[in-house]
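Asks: My questions all concern the structure below.
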Amino acid sequence: MKATTFAIPGYCLFRRFVLGGYVLFCLVLMGDGVLARAAEPEVWLAPVDGIKRAGQEGAGPSDFMDLFPAGAPWKTAASHVQVFEIYPQFLAKASDDMLRTVIEGLKSRHIALAVSYGLLHRPKGAAMHEGYGAEIATRDIAHLQRLGAEVRYVVADEPLLFGHFYWGEGATPLSIADAAKDMASTARQFREAFPNVRIGMDDPVMLYRPGEWEPAMREFLEVYRKEFGEPMGFVRLECASFPVREWLPRYIAAEKFLRSVGVPFGELITGDASDASDAIWVQKAEERYVTWESEGRSAPGQVVFQSWMPRPTRILPENDPDTLTHLLNGYFRDRTRLTLTRDAGVLRGRLVDASGAPVAGGHVEVTAIAGFEEQSMVHRVIRCPVPADARFVEIGLRIGVEGSPVGKAHLTMGATKYEEKEGDGGRVFDFAEGLKGWGRKGTAEVSPSHDAGMAGVKIDAEAGRTLLLNSKLLPVTGGREAMFTFDVQVQADTETGYLAMFFFDSSKKVVHRMQEPLVTEISSGVRELVTDANGNFELGLTGSELRGAREYRFRYGGDLGRRCALATVPGAK
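Each position in the sequence shown, counted from 1, maps to that position plus 160 in this note's numbering.
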């Protein structure tokens, strides 16, 4: 039997192992060979500031302002960073002294200032959301000029998606051309104030329907170029909450398209808002840049180490493995590669460094993934404090949309209930009248169910079909403990979906969300292997937990000088 060879280069430094669905591994790469050093990208740092953090649920103290004094503990990271990005709420609410400290601290380190901004004008009566903010640009530009700032970059906040495809309460979507023209008009204001500014945009490429993104982006870029007089400076893509199998093909297609139209491609390096610890968030962010820069792909034009999320909770110091600056430093370590071959009941591998030399004594962890959980009707609970500024809550289900990846979902929903400690008993949604009282969108099949004598709904969605369910808005009391309980029976072939609570403030803007996945992966065992003097290791597939696995996942954790390496091998299932 001919051996099948699998290989993937690695880039990050893992320090902890996390079981289950938190671990995203790279796709299999055919072939072997020496790792070529790609051209270094433009490196950005965009941490959560103290003002935004103060509004995040459970947020502790912010160390954002600790970045800027002389001697701050990120000397190595600062030497790598070329651009530092601040968010609109910091620009709007920070004191003059705080802004001056940021401006002068960046100048002293020769780091360019970037401003994330909503370059679209908010329609009268519309709810505030991503993309908007242009109506106050004149004020904010004058503020920056008065403080002596030299803005070198402006990043438009997702103008295509939120200008044309999505709109808030009271807003009518713009045509693609009108959204591009509106962005260009605000871009001209920044260019007039800061002649050397480069203007680009963020885009959540994963939130478009299949086949929708490229033609829309092509039109948007063409109209913007004509209106502004030059091409878009860059387009940065984001993949938070999506697994590798979903975002990598879209990134590959998007990068190819952007290269064809002469627009630089950037990548946002983040974990996920739902990550349970700083270590998981950092690990996931590392895995994402590892995955992109594999299979011979070069680094993007920009790598942006960014968080708008509650994690990581700290930016500093750079020698702490769970901080944002440490994540950034890890990007510059030497590359490694794992190659794997499978012959019958044995997996053999080799670990090499950037020059192709063997790495001896390397610890390689192997996880066997048995499959997804299979359960009878179970009672699940999501608990969290009600945010102080929350006035309403909405409970919902997402399949294949809003961060739920494409995949199969077959389940039965029974009774659900929202309640608050010290409240009035809450509100029950029992599906006795089907989906009456629920807002519904999507193509999944929904039918009545009376399994186990309980009124519910049966939901069937093959891969590519979607479902969005929302309850009516319920009033809440800030500071109380909220509890969302639900009964659900998930079939074994379900791959995606989550239930969630969305909290809104008085203007109906989401201020916090909690979510619970419908399924998690089951790990049937972990093995640790050590490479020999030639960098080799092997694993015999003995025992039912190894022979029957759906997938085998390998990772080398790296060391002080080397990035991690990742590889996957499909199993028998």
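Yeah, the Cβ is synthetic: ideal placement off N, Cα and C, and Gly gets one too.
All figures in this text were calculated on a predicted structure; none of them were measured in a lab.
Taking the beta strand (DSSP E) that Ser564 belongs to, which residues open and close that run?
Replies: Premise fails: Ser564 is in no beta strand (DSSP E) and is neither H nor E.
Asks: Compute the Euclidean distance between the alpha carbons of Arg587 and Leu507, then round it to the nearest angstrom.
Replies: Roughly 53 Å separates the two Cα atoms.
Asks: Are the CB atoms of Val450 and Phe714 nearer to each other than 8 Å?
Replies: Going by C-beta atoms, Val450 is not nearer than 8 Å to Phe714.
Asks: If we count the other Cβ atoms within 10 Å of its Cβ and call it buried at 16 or more, is Thr597 buried or exposed?
Replies: Checking the sequence, you will find Gly at residue 597 rather than Thr. When all chains shown are included, Gly597 counts as exposed.
Asks: How would you write the range of the beta strand (DSSP E) that Trp598 sits in, first residue to last?
Replies: Neither: Trp598 is in no beta strand (DSSP E) and is coded neither H nor E.
Asks: For the alpha helix (DSSP H) containing Gly308, list its first residue and its last residue.
Replies: Taken as a continuous stretch (DSSP letters only), Gly308 belongs to no alpha helix (DSSP H), as it is neither H nor E.
Asks: Find the nearest neighbour of Phe354 within the set Pro364, Ala297, Gly323, Pro403, judged by alpha-carbon distance.
Replies: Of Pro364, Ala297, Gly323, Pro403, the residue nearest in Cα terms is Ala297.
Asks: Alpha carbon to alpha carbon, what distance is there between Tyr326 and Ala198?
Replies: Any reading at Ala198 must be qualified, since the residue scores a pLDDT of 46, below 50, and its modelled position is unreliable; the value itself is stated next. Answer to the nearest angstrom: the Cα atoms are 37 Å apart.
Asks: By Cβ distance below 8 Å, which residues in the same chain neighbour Glu374 in space, the five residues on each side in sequence not counted?
Replies: Within the same chain, Glu374 has close Cβ partners Ala413, Ala414, Phe417.
Asks: For Val679, which three-state DSSP category applies?
Replies: Three-state result, Val679: coil.
Asks: Given Thr346, which residues of its chain have a CB within under 7 Å of its CB, disregarding the five upstream and five downstream residues?
Replies: Leu279, Ala294, Ala297, listed in sequence order.
Asks: Please state the DSSP three-state secondary structure of His281.
Replies: It is coil, neither helix nor strand.
Asks: Among Ile619, Pro547, Val553, Phe662, which residue has its Cα nearest to the Cα of His570?
Replies: Checked all of Ile619, Pro547, Val553, Phe662; the closest Cα to His570 is Ile619.
Asks: So, helix, strand or coil for Ile296, using DSSP?
Replies: DSSP places Ile296 in helix when its eight states are reduced to three.
Asks: Could you check what DSSP says for Gln249 in three-state terms: helix, strand or coil?
Replies: Three-state result, Gln249: helix.
Asks: Is the beta carbon of Thr631 sitting closer than 8 Å to the one on Gly556?
Replies: According to the sequence displayed, residue 631 carries Ser and not Thr. Yes.
Asks: For the beta strand (DSSP E) containing Asn694, name the first residue and the last one.
Replies: Counting along the chain, Asn694 falls outside any beta strand (DSSP E), and DSSP gives it neither H nor E.
Asks: Taking three-plus beta-carbon pairs below 8 Å as touching, is the segment 657–668 in contact with the segment 540–555?
Replies: Because the criterion of three Cβ pairs below 8 Å is met, the segment 657–668 and the segment 540–555 touch.
Asks: What whole-angstrom Cβ distance do Leu498 and Tyr716 have, given they're in contact under 8 Å?
Replies: Correct: roughly 6 Å between the Cβ atoms.
Asks: Report yes if the C-beta distance between Gln462 and Pro201 is below 8 Å; otherwise report no.
Replies: Their beta carbons are under 8 Å apart, which means Gln462 touches Pro201 by this criterion.
Asks: If you follow the alpha helix (DSSP H) that Met258 is in, where does it begin and where does it stop?
Replies: Looking at the DSSP string, the run of the alpha helix (DSSP H) that includes Met258 is 256–268.
Asks: Which residue's Cα is closest to the Cα of Asp432: Pro333, Thr473, Arg419?
Replies: Minimum Cα distance to Asp432 is reached at Thr473.
Asks: State the Cα-Cα distance for the pair Gly509 and Ser454, rounded to the nearest angstrom.
Replies: Straight-line Cα distance between these residues: approximately 17 Å.
Asks: Can you have a look at Leu659 and say buried or exposed, based on whether 16 or more other CB atoms are within 10 angstroms of its CB?
Replies: Buried.
Asks: Would you mind listing the beta strand (DSSP E) stretches within the segment 363–421 that are 3+ residues and don't spill past its ends, in chain order?
Replies: Correct list: 395–397.
Asks: Under the three-state reduction of DSSP, which class applies to Glu352: helix, strand or coil?
Replies: Helix, per DSSP.
Asks: Ends of the alpha helix (DSSP H) at Leu488?
Replies: That run of the alpha helix (DSSP H) goes 484–490.
Asks: Between Ala339 and Phe380, which are expected to be in contact by the criterion C-beta below 8 Å, what is the C-beta distance as a whole number of angstroms?
Replies: At roughly 7 Å, the Cβ-Cβ gap stays under 8 Å, so Ala339 and Phe380 are in contact.
Asks: Go ahead and pull the three-state DSSP assignment for Met469.
Replies: In this structure, Met469 counts as coil in the three-state DSSP scheme.
Asks: Ordered along the chain, which non-local residues of its own chain (more than five positions away) have a Cβ less than 6 Å from that of Pro460?
Replies: Counting only Cβ-Cβ distances below 6 Å, and skipping sequence neighbours, we find Pro201, Phe425, Gly426, Glu427.
Asks: Among all the DSSP beta bridges, which residues are the ones paired with Tyr578?
Replies: In DSSP, Tyr578 forms a bridge with Arg587, Phe644.
Asks: Would you mind working out which of Ala642, Gly638, Leu227, Asp342 sits nearest Ile263, comparing C-alpha positions?
Replies: Checked all of Ala642, Gly638, Leu227, Asp342; the closest Cα to Ile263 is Leu227.
Asks: State the DSSP-derived secondary structure class of Thr728, mapped to helix, strand or coil.
Replies: In the structure shown, Thr728 sits in a strand (DSSP, three-state: E or B).
Asks: Measuring alpha carbon to alpha carbon, tell me which residue in Asp494, Ser434, Thr654 is nearest Gly624.
Replies: Checked all of Asp494, Ser434, Thr654; the closest Cα to Gly624 is Thr654.
Asks: For Glu290, which residues of its own chain have a beta-carbon under 6 Å away from its beta-carbon, when the five flanking residues on both sides are left out?
Replies: These residues qualify, in order along the chain: Asp317, Glu318, Phe322.
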